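For reference, the structure is listed below as structure tokens.
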Amino acid sequence: LISCSTGYLGVFADYYIRTFRRKNRNIVHFHVLADNIETTRDYLEALKSRHSNVGYSIEALSGNSQTYITLARFIICRDIMKHYNSDVLISDIDFHPDFKLNLIYAEIRSQGFDFGLYDNGYSVPWGRFSIGLSYFRVANHASDVYLDVLSRYLIWLYSNGGFFSMDMVGGMMAHEYML
Numbered sequence: 131l132i133s134c135s136t137g138y139l140g141v142f143a144d145y146y147i148r149t150f151r152r153k154n155r156n157i158v159h160f161h162v163l164a165d166n167i168e169t170t171r172d173y174l175e176a177l178k179s180r181h182s183n184v185g186y187s188i189e190a191l192s193g194n195s196q197t198y199i200t201l202a203r204f205i206i207c208r209d210i211m212k213h214y215n216s217d218v219l220i221s222d223i224d225f226h227p228d229f230k231l232n233l234i235y236a237e238i239r240s241q242g243f244d245f246g247l248y249d250n251g252y253s254v255p256w257g258r259f260s261i262g263l264s265y266f267r268v269a270n271h272a273s274d275v276y277l278d279v280l281s282r283y284l285i286w287l288y289s290n291g292g293f294f295s296m297d298m299v300g301g302m303m304a305h306e307y308m309l
């Protein structure tokens, strides 16, 4: 699951999919925040015709700031999990996904983890987790609670003015809440 603007979609989507397809066949779902819904839909349909297993959703940008784009992926994650009945890896679009996703899946399951966050080891809230790479298990209570707490917190932060890196702060706050 990737959320992005139409600008980032145009620059990175083909590269991301081609790189990811070297080692994976999983669905790549783009959630695009767009000013022009029809043009964006046409672009995504063309992307689907060039690549296999591509899904998408579009949200009107109207009034949403650029900071909202990074939040949307967490807000819709549970819906995407239900739609595909699948675990979800959240990733940034300007990321080099040259890895086997099934290895992440296997490690998380074999260790009995409910979800996976990339821990940078920093103690500052905006640096603790690289939240742009997160893994959530479908039909998993802890994943559902984490995403619910995170979504509520992000919506609250955003509606109160928000700030850059609020997704990373939110990821840490939801984690601390659950602990």
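If you're matching positions, the sequence shown starts at 131 in my numbering and goes up one per residue. C-beta atoms are modelled at their ideal positions from N, C-alpha and C, and glycine is treated no differently. A quick note: this is a predicted structure, and the numbers were derived from the prediction, not measured.
Remark: C-beta atoms of ILE238 and TYR214 do not approach each other more closely than 7 Å. The alpha carbon of ALA236 has as its nearest neighbour, out of VAL275, ASP278, LYS178, ARG267, the alpha carbon of ARG267. Non-local beta-carbon contacts of TYR138 in its own chain, meaning distances under 6 Å to residues more than five positions away in sequence, involve ILE223 in chain order. DSSP assignment within the segment 150-228 yields the following whole alpha helix (DSSP H) runs of 4 residues or more, N-terminal first: 167-180, 196-214. If you look at GLY246, you'll find it in the beta strand (DSSP E) that goes 245-249. The beta carbon of LEU131 sits closer than 8 Å to those of HIS159, HIS161, ARG203, ILE206, CYS207, ILE210, VAL218, LEU219, ILE220, SER221, all from its chain and outside the five residues before and after it, given in chain order. For SER264, the three-state secondary structure derived from DSSP is strand. Contact check between the segment 296-307 and the segment 275-288: three or more CB pairs, one atom from each, fall below 8 Å, which counts as touching.
Of the residues MET308, LEU287, GLY292, TYR252, the one whose Cα lies closest to the Cα of ASP274 is MET308. In this structure, ILE261 is the residue among HIS271, ILE261, ALA272, GLU306 with its C-alpha nearest to the C-alpha of MET296. The Cβ neighbour count for ARG155, taken over all protein chains shown within 10 Å, is under 16; the residue is labelled exposed. Here PHE259 carries a strand assignment [DSSP, helix/strand/coil]. In this model, PHE229 and VAL254 are separated by some 28 Å (Cα to Cα). Using a 10 angstroms sphere on the CB of ALA176, the tally of other CB atoms stays under 16, which defines it as exposed.
Contact between LEU284 and LEU201 holds: CB atoms are separated by about 5 Å, below the 8 Å threshold. With respect to the 7 Å criterion, ASP244 and ALA272 are classified as neighbours on the basis of their beta carbons.
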